[in-house]
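Numbering (the numbering used here), first residue to last: 14 to 190.
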């Protein structure tokens, strides 16, 4: 999602005002309350999913860090060859790479950050998906309410498109919402 969606502009304010007018005139109070409850379902599930994803991401990072440390300890304790003997009798030393394989603080920070970020995004998206599914089911339960909301949305959309067409016909500059 782009951060441009959060930018304030005059067109967004006009669009919000138009939507609010249509909600007041085209919907009953019960319909408005149902829409508010549905949006609350989406928000709640997205927040819960985000927090659960963050927790699972941190837990997975902790487990990975522990496994990485155990593997390093096993590698360090294992007997490693120190020289290679070639067929012609030449003997070459093998460098010790143990210090290069040691887990570092920067690696731990990166692990926690990326696993936490990944868990947050994945959990938030799953929560958002489940929230929209739940909200859609809640609105669709009552067929008459769903029909009123759909009609109100169509009227809003038609009114918005009429305003946009008038604005373009008047010679206003092209802009992207």
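Heads up, the beta-carbon is just placed ideally off N, CA and C, and yes, glycines get one too.
Query	Result
Is it buried or exposed, residue 50, if we count other Cβ atoms within 10 angstroms and call 16 or more buried?	exposed
Touch check for the segment 123-139 and the segment 61-72: three-plus C-beta pairs under 8 angstroms?	yes
Check whether the Cβ atoms of residue 66 and residue 145 lie closer than 8 angstroms to each other.	no
Assign residue 73 to one of three DSSP states: helix, strand, or coil.	helix
Could you have a look at residue 104 and say whether DSSP puts it in helix, strand or coil?	strand
Quick check: what's the CA-CA separation for residue 55 versus residue 147?	8 angstroms
Can at least three beta-carbon pairs, one atom from the segment 85-94 and one from the segment 110-119, be found at a separation below 8 angstroms?	yes
Taking contact to mean 3 or more Cβ pairs, one atom from each stretch, closer than 8 angstroms, check whether the segment 21-40 and the segment 157-172 are in contact.	yes
If I measure Cβ to Cβ from residue 135 and keep anything under 6 angstroms in the same chain, skipping five residues before and after, which residues do I get?	66
When you compare only the Cα positions, how much space is there between residue 161 and residue 43?	11 angstroms
Roughly how many angstroms lie between the CA atoms of residue 101 and residue 77, to the nearest whole one?	44 angstroms
How far does the alpha helix (DSSP H) with residue 139 in it reach, from first residue to last?	118-153
Restricting to Cα atoms, I'd like to know which of 103, 25 and 115 is closest to residue 88.	115
Apply the 10 Å Cβ neighbour rule to residue 168 and answer buried if 16 or more other Cβ atoms are within range, or exposed otherwise.	exposed
Grab me the residues of residue 151's own chain with a C-beta within less than 6 angstroms of its C-beta, minus the 5 sequence neighbours each way, in chain order.	51
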